[in-house]
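Everything below concerns the one structure shown next.
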Amino acid sequence: MGIGTVLLDHGVITQAQLDDAIAQQRSTGERLDRVLVRMGVVDADQVLAAIGDQFHLEVVDLDTTQVDPAVLQTLPASLVQKQRCVPIRSENGTLTVATSDPFELGVLDELRLLTGSSIELVLADDDGLQRFIRANYGVGSDTLDALSAEAGAQVEGKGGGGDDDEIEQAQEASVIKLVNDLLIEAIRERATDVHIEPYEHRLIVRYRIDGVLQRANVPETINRFSAAIISRLKIMANMNIAEKRKPQDGRITLKQRLPDASGRMAIQEFDLRVSVIPMLFGEGVVLRILNKSAVLMELSDLGMPEWIQKGWYGLIERPYGILLVTGPTGSGKSTTLYASLNRIVSDEVKAITVEDPVEYHVGGVNQIQVNQQVGLTFAAGLRSILRHDPDVVMIGEIRDKETAETAIQASLTGHLVFSTLHTNDAPGAMTRLLDMGVEPFLVSSSVEGVLAQRLVRRVCKHCASPYTPDAIDLPPGFEPNDDGTLTRGAGCRECNQTGYRGRIGLYELLKSSDQLRDDIMHGRSAGEITKHALKDGTLQRMSLDGFAKARAGKTTISEVMRVLTV
């Protein structure tokens, strides 16, 4: 009896809904119950209850189940991963095993033969089961078991068998699967960066999730294969595997079937920027993950408040001038620029970008990828695209005087120019351009506005709850809500017990004025520019946006203080 029949017999779904789900399943390859959940016909708890009732199985919540480590060792990681079943109890010769698929009855015989015990099945949610396996066995544990069995006692952690041996090991199916497991887990966890760090007796893998680094749960035996893992990544990124003395950069394109925004399984494409640097005990690797299939968002979706939006929309609809978005690496500057471009591009407006890398594909926009090897830099690309008669130009980043001056000349000849700059706040962008050597009169006559931004973690909506903060923990000038409370996340399985899930932007906008132009011409400091802009109302500080979002329960005051200096 299949899962569809079980749900139909229990009156959870209708025959028409089942037929519709089967039709979708044929095109997507998903499990039938997942299709039904995605369609909104049933929820996961209803599916579990129906299957449990049909087979007279106890339903367990693995997220709250504590298991003796000795019990976990009764089944090898390879079998756990292959059959999607985990041991949770062992009593009086009976091993209790949790599964999400009781329809595979052949698994019971395999478990009995392997353990020599009677097997009692209990039912668990598939997502919870996978979380339990990753938490208790580690990412790639089955592959590492297989590698260890193949290698035996001869493998020394750092390789050392010569380049040919390293290449051969890096191309083995087990190593390829292990590296893919690490990358897919990072994508599944919404990581933006993967850090692979070699130490004397261990290899540490960390994921940057919502802007904060977290240790990946990988078995300690991964250290034995660090050389093979790094060699595999270098092969994937088209690097010189024999070069271990100097840094190298490359890129990997990875395609993976994952749920899209609607929950439907779809092929998504990821661009991984790879950097390898020689370190004391091997080569360290950092991968930046860019989702090329990501959907462009509106500025309101990014968290830009209405009072900032109003001023920024007025700026991006101007016919010429320079608009800068500033902030540290990974603060969402490019995403803001894409959302801004997407708002103004039309059949009447031609837009061309020069980027490194091209992070999103924007319809109606001509996008150019920087290529340093052939001399296609930001400055060179900008000079060339001005001959293509654009109305709007976007430069990925102003890094030097040449790029800055070329951008300014483009704005002075009737183009609207977008770009990013690395500064701590909006007023600092002016002094940064002057420090690059750009003439003050060029800066004052071309820059129309500067948007500074940071990203803070959102309070997890699944476990958000009010609390009363201690006055000593609040920054000067900040007041809680009228009832004296704020909001924070208690921690749940959706946010991996962190209390946060996703990120939201904090914004600061500086608009050009006669006073600002005078300050630039006289070379005044960022502090003086800030003072004057606050006085004449052309600067809206980021701290105000951060405090407002903390009071609204979108983030916490500790997150705001983590990214700001108030």
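The numbering of the sequence shown is numbering that gives the first Met the number 0, which starts it at 0 and goes up by one.
Think of the CB as a built atom: it goes at the ideal place given N, C-alpha and C, for glycine as much as any other residue.
Taken atom to atom, the span from the alpha-carbon of Gln452 to that of His421 is near 11 Å. Remark: C-beta atoms of Arg500 and Tyr466 do not approach each other more closely than 8 Å. Apart from sequence neighbours up to five positions away, the residues of its chain that approach Gly326 with a beta-carbon distance below 7 Å are Lys332, Ala451, Gln452, Arg453, ordered along the chain. The beta carbon of Gly363 is closer than 6 Å to those of Val344 in its chain, skipping five residues each way along the sequence. CA-CA distance, Arg516 to Leu271, rounds to 41 Å. Annotation: the continuous beta strand (DSSP E) that includes Lys510 extends over 499-510. For Pro68, the uninterrupted alpha helix (DSSP H) segment begins and ends at 68-71.
Remark: C-beta atoms of Leu31 and Ala20 approach each other more closely than 8 Å. The beta carbon of Leu212 lies closer than 6 Å to those of Arg205 in the same chain, with the five residues before and after it left out. For Asp472, the three-state secondary structure derived from DSSP is helix. DSSP, read as helix, strand or coil, puts Met520 in helix. Beyond the five residues adjoining it in sequence on each side, Leu17 comes within less than 7 Å, by CB distance, of Gly3, Leu7 in the same chain, given in chain order.
Around Thr529, the same chain offers Pro426, Leu538 as residues with beta carbons nearer than 7 Å, after the five sequence neighbours per side are excluded.
Counted as a single uninterrupted DSSP element, the stretch harbouring Arg130 is not any beta strand (DSSP E) but the alpha helix (DSSP H) occupying residues 125-136. Remark: C-beta atoms of Gly436 and Cys462 do not approach each other more closely than 8 Å. In the three-state reduction of the DSSP assignment, Tyr206 falls in the strand class, which pools E and B. For Lys534, the number of other beta carbons within 10 angstroms of its own is below 16, and it is reported as exposed.
Rounded to the nearest whole angstrom, the C-alpha separation of Ala265 and Glu29 is 10 Å. Short of 6 Å from the beta carbon of Asn365, and not among the five residues preceding or following it, lie these beta carbons of its own chain, in chain order: Ile351. Under the three-state reduction of DSSP, Lys254 is assigned to strand. Inter-residue distance for Asp100 and Asp108 is about 15 Å (C-alpha atoms, whole angstroms).
Residue environment: Gly139 is assigned as buried (16 or more neighbouring CB atoms within 10 Å of its CB, all protein chains considered).
Under DSSP, Pro465 shares a beta bridge with Thr486.
The continuous stretches of alpha helix (DSSP H) do not include Ala425, and DSSP gives it neither H nor E. Its chain contains Val11 as the residues whose beta carbon lies nearer than 6 Å to that of Gln45, once the 5 sequence neighbours on both sides are disregarded; these appear in chain order.
Taking one beta carbon from each stretch, the stretch 231-245 and the stretch 314-323 have fewer than 3 pairs nearer than 8 Å; the two do not touch.
The continuous alpha helix (DSSP H) containing Ser445 extends over residues 439-445. Less than 8 Å separates the beta-carbon of Leu94 from that of Thr73. The continuous beta strand (DSSP E) containing Leu420 extends over residues 415-420.
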